[in-house]
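Visitor: The listed protein sequences correspond, in order, to chains A and B.
Counting with UniProt numbering, you get residues 1 to 263 for the letters of the first sequence.
Counting with UniProt numbering, you get residues 1 to 263 for the letters of the second sequence.
Following this message is one structure expressed as structure tokens.
Number of protein chains: 2
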Amino acid sequence: MVVFAGQGDARRSMALLWRTTRSKETRPGPKPGLSVDLIVDTAVAIADEEGMAALSMRAVGERLGRTAMALYTYVPSKSELVDLMYDRALAELSTHHNLEAGWRAAVTSWAGEAWEFYVRHPWVLQVSQARPVLGPNEYVMIEEATRILRETGLGAGVLRHVVGTLFCFVRGAAQTVAESRQAPVVTGVSDEEWWYARSALLAEVAPDFRERFPTLTWLDDEGAYRSQDETVPYLEQEGRDTFTTGLAILLDGIEATVGRTGA
Amino acid sequence: MVVFAGQGDARRSMALLWRTTRSKETRPGPKPGLSVDLIVDTAVAIADEEGMAALSMRAVGERLGRTAMALYTYVPSKSELVDLMYDRALAELSTHHNLEAGWRAAVTSWAGEAWEFYVRHPWVLQVSQARPVLGPNEYVMIEEATRILRETGLGAGVLRHVVGTLFCFVRGAAQTVAESRQAPVVTGVSDEEWWYARSALLAEVAPDFRERFPTLTWLDDEGAYRSQDETVPYLEQEGRDTFTTGLAILLDGIEATVGRTGA
DNA sequence: CCAAGTTAGTTTATGCCGTAAGGAGTGGCA
DNA sequence: TGCCACTCCTTACGGCATAAACTAACTTGG
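Here it is as structure tokens:
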């Protein structure tokens with residue numbers, strides 16, 4: 001019998017994601033002290049607090065008072081655990097955005113929520129997008145975005161690409177901020193300290209910066225890099241503004257496309 | 001004397017990136033058998049061929065006929081090596097896009113080149129963006145994008161966010177394809193095989209899919225998911241189309257903003 | 001009620017990883 | 001010649017995911 005690589009595991013993994021494993025009422029052997037849900041929640045907590053790099057089977061086990069190996073009774077491997085974490089986290093997103101004020105308002109609200117979600121769970125952005133996890137909540141998220149954007153009246157082909165573009169942008173915009181939040185936790189150095197030290201070194205190492213990078217120098221001279229609000233970390237403010245501006249531009253672009261197609 | 005965490009290392013790292021280390025003509029000790037350039041090139045080759053996960057100090061050393069520890073004479077740590085790889089790879093990008101045909105054509109050409117670059121070097125997308133590496137070639141890339149988009153006449157503040165948005169989109173759009181290229185190499189399963197197996201499992205595990213996800217079902221019924229060109233892997237074609245469509249939308253949005261600001 | 005079989009969890013071990021520490025050989029310069 | 005900076009090696013440590021074998025708890029068939 002020929003079995004595709006990983007196909008047997010794929011069945012188990014899908015069953016875990018969609019929770020289709022019907023457990024008999026009573027089973028022989030000792031009572032389970034843990035559960036998939038408990039393990040996934042613990043893993044999410046670690047990733048939220050200490051970053052994806054700190055997520056190890058040992059770390060999860062330790063928080064639950066077990067060894068790393070104990071987890072393998074519930075979860076086939078670490079990568080399956082990450083998939084489960086991903087889909088569990090996505091459950092936070094709300095699913096019924098109001099379309100009464102028009103699609104533009106709804107998209108803005110959806111994108112804002114998604115952006116905040118990614119920033120709250122930076123590790124989510126490290127889960128590969130190419131071959132989707134295909135869990136129920138991922139489908140809910142895509143369904144919701146598509147449902148809203150369908151209101152534009154665009155055809156199915158273009159619509160799919162528009163949804164993809166929106167995802168790319170929101171994820172990318174969130175990534176910058178997510179990483180800037182994670183960095184101080186990992187390195188113990190704040191944005192300001194880091195930037196201060198680095199810009200001094202930059203001047204040292206590239207004394208001809210102004211001549212080599214005239215446009216960036218112009219941007220700097222125009223005061224574009226001056227922070228407005230001192231209470232918010234520099235890179236975070238920057239990322240938030242880029243998201244707001246970029247989203248507006250994207251929506252303008254979609255409107256233009258809608259107008260052109262004549263919906 | 002108080003030293004900020006990592007600051008001493010930061011100086012050495014910047015010196016390496018900007019190649020400001022003046023090496024004396026003759027030095028005591030055995031002739032170096034390797035060089036930073038050689039090591040970085042080898043590391044890039046490994047990452048290109050086998051993915052970032054396969055990049056280890058041992059692997060790089062082995063390709064060069066040395067042990068892993070030999071590399072530490074040239075490079076302070078693996079993370080510094082990754083920074084050097086990143087900046088080296090960026091050197092591939094061309095720097096003088098023609099502005100004669102207008103900024104829209106130039107942006108299209110720049111973005112297309114960047115997209116292909118990311119797809120060619122998928123691992124580049126795994127290098128953190130939050131705290132930039134600040135190498136010379138990264139500055140060249142940002143300078144070039146900013147130089148082109150400055151032609152729109154937008155003010156410095158908005159311009160910075162527009163550049164950021166463009167980067168988010170291009171990186172995000174490339175990531176999907178980059179990962180879909182990497183996946184078969186790592187897992188040994190093609191897109192088609194993978195998708196075929198998974199969609200069968202999906203039907204098994206979620207028999208009520210059509211009712212739960214009406215919009216996605218509509219998209220499917222409209223034939224939006226049917227592949228046009230059988231010679232190109234499915235996910236790759238999908239990603240390429242999303243990039244093209246999304247870029248056009250983004251440019252429309254920028255034009256709208258430019259028109260509104262009255263440039 | 002007991003033996004068989006199933007399950008939860010442990011210990012132990014394998015083979016990766018980054019890199020610290022220390023030692024061996026190399027070659028320019030005093 | 002001896003010193004010393006330098007390259008490169010061996011060894012070692014603590015971390016990682018996880019395979020394999022084991023113990024102990026529990027249900028169930030006889």
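For every residue, glycine included, the Cβ atom is placed at its ideal position computed from N, Cα and C.
Note that the coordinates shown come from a computational prediction; the quantities given were computed from them, not determined experimentally.
Judging by CA-CA distance, which residue of A:Thr231, A:Gly157, A:Ala256 and A:Arg150 is the nearest neighbour of serine 190 (chain A)?
Guide: Comparing Cα-Cα distances from serine 190 (chain A) to each of A:Thr231, A:Gly157, A:Ala256 and A:Arg150, the minimum goes to A:Thr231.
Visitor: Please report how far the alpha carbon of arginine 171 (chain A) lies from the alpha carbon of tryptophan 115 (chain A), in whole angstroms.
Guide: Whole-angstrom Cα-Cα distance: 7 Å.
Visitor: When DSSP labels each residue in this structure, what does residue 266 (chain B) get in the three-state scheme?
Guide: No answer is possible for residue 266 (chain B): the residues shown for chain B start at 1 and end at 263.
Visitor: Under 6 Å from any heavy atom of the ligand GTP, does the C-beta of threonine 257 (chain B) make it?
Guide: By its list of ligands, the structure shown contains no ligand whatsoever, and the ligand GTP lies outside what it can speak to.
Visitor: Verify whether the separation of the beta carbon atoms of valine 124 (chain A) and alanine 173 (chain A) is less than 7 Å.
Guide: The answer is no: Cβ separation not under 7 Å.
Visitor: So for proline 28 (chain A), helix, strand or coil by DSSP?
Guide: Coil.
Visitor: Give the C-beta separation of glycine 65 (chain B) and glutamine 182 (chain B) to the nearest angstrom, bearing in mind that I take them to be a contact with Cβ-Cβ under 8 Å.
Guide: So it is not a contact: roughly 27 Å between Cβ atoms.
Visitor: Indicate whether at least one CB of chain A lies closer than 7 Å to the CB of valine 75 (chain B).
Guide: Not an interface residue.
Visitor: Please classify alanine 91 (chain B): does DSSP put it in a helix, a strand, or coil?
Guide: Here alanine 91 (chain B) sits in coil by DSSP.
Visitor: Compute the distance between the beta-carbons of alanine 156 (chain A) and glutamate 222 (chain B), then report whether it is under 7 Å.
Guide: Contact: yes.
Visitor: My guess is that leucine 81 (chain A) and alanine 47 (chain A) are in contact by the Cβ rule of under 8 Å, so how many angstroms apart are they, rounded?
Guide: The Cβ separation is near 10 Å, so there is no contact.
Visitor: How would you write the range of the alpha helix (DSSP H) that phenylalanine 117 (chain A) sits in, first residue to last?
Guide: That run of the alpha helix (DSSP H) goes 103-120.
Visitor: Since I believe alanine 111 (chain B) is in contact with alanine 256 (chain A) (beta carbons under 8 Å), could you give me their beta-carbon distance rounded to a whole number of angstroms?
Guide: Their Cβ separation, rounded to whole angstroms, is 18 Å, which puts alanine 256 (chain A) and alanine 111 (chain B) out of contact at 8 Å.
Visitor: Quick one: what does DSSP say tyrosine 234 (chain B) is sitting in, helix, strand or coil?
Guide: Here tyrosine 234 (chain B) sits in helix by DSSP.
Visitor: Run the CB neighbour count on aspartate 41 (chain A), radius 10 Å, all protein chains shown included, and call it buried at 16 or more, exposed below.
Guide: By the 10 Å Cβ count, aspartate 41 (chain A) comes out exposed.
Visitor: At what residues does the alpha helix (DSSP H) containing glutamate 143 (chain B) begin and finish?
Guide: Counting along the chain, the alpha helix (DSSP H) containing glutamate 143 (chain B) begins and ends at 136-150.
Visitor: For methionine 52 (chain B), go through chain A and note every residue whose CB falls closer than 9 Å to its CB, in chain order.
Guide: Those within 9 Å of methionine 52 (chain B) in chain A number zero; the least Cβ separation is about 12 Å.
Visitor: Taking C-beta to C-beta, are leucine 201 (chain A) and arginine 11 (chain B) nearer than 7 Å?
Guide: Contact: yes.
Visitor: Residues of chain A with a CB under 9 Å from the CB of arginine 58 (chain B): which are they?
Guide: Within 9 Å Cβ-Cβ: nothing; arginine 58 (chain B) doesn't reach chain A, min ~20 Å.
Visitor: I'd like to check one pair, valine 107 (chain B) with valine 18 (chain A): are the Cβ atoms closer than 7 Å?
Guide: Per the sequence presented here, residue 18 (chain A) reads as tryptophan, with valine not at that position. Not in contact: tryptophan 18 (chain A) and valine 107 (chain B) (Cβ atoms no closer than 7 Å).
Visitor: Give me the subset of the region 227-250 of chain A whose CB atoms are less than 9 Å from a CB atom of chain B, sorted by chain position.
Guide: Cβ contacts with chain B: Leu235, Glu238, Gly239, Asp241, Thr242, Phe243, Thr244, Thr245, Gly246, Leu247, Ala248, Ile249 and Leu250.
Visitor: Kindly list the residues whose CB is nearer than 8 Å to the CB of glutamine 126 (chain A), restricted to its own chain and excluding five residues on each side of it in sequence; keep chain order.
Guide: Answer for glutamine 126 (chain A): Met52, listed in chain order.
Visitor: Can you tell me which of A:Thr176, A:Ala91 and A:Glu25 puts its alpha carbon nearest to the alpha carbon of aspartate 37 (chain A)?
Guide: With distances taken between Cα atoms, aspartate 37 (chain A) lies closest to A:Ala91.
Visitor: Can you give the Cα-Cα distance for leucine 219 (chain A) and isoleucine 148 (chain B), rounded to whole angstroms?
Guide: In a straight line, the C-alpha of leucine 219 (chain A) is about 13 Å away from that of isoleucine 148 (chain B).
Visitor: Going along chain A in order, which residues have a C-beta closer than 7 Å to the C-beta of histidine 161 (chain B)?
Guide: Per Cβ cutoff of 7 Å: Asp241, Thr242, Thr245 and Gly246.
Visitor: How should aspartate 208 (chain B) be labelled, buried or exposed, when 16 other C-beta atoms within 10 angstroms of its C-beta is the threshold for buried?
Guide: Burial call: exposed.
Visitor: Are the CB atoms of valine 158 (chain A) and aspartate 83 (chain A) within a distance shorter than 7 Å?
Guide: Contact flag unset, no.
Visitor: Locate the alpha helix (DSSP H) running through threonine 215 (chain A), then write down its first and last residues.
Guide: Note, threonine 215 (chain A): alpha helix (DSSP H), 214-221.
Visitor: Threonine 21 (chain B) to valine 140 (chain B), Cα distance in whole Å?
Guide: When rounded, the distance between both Cα atoms is 21 Å.
Visitor: Using 7 Å as the threshold, is the C-beta distance between threonine 242 (chain A) and histidine 161 (chain B) below it?
Guide: The answer is yes: Cβ separation under 7 Å.
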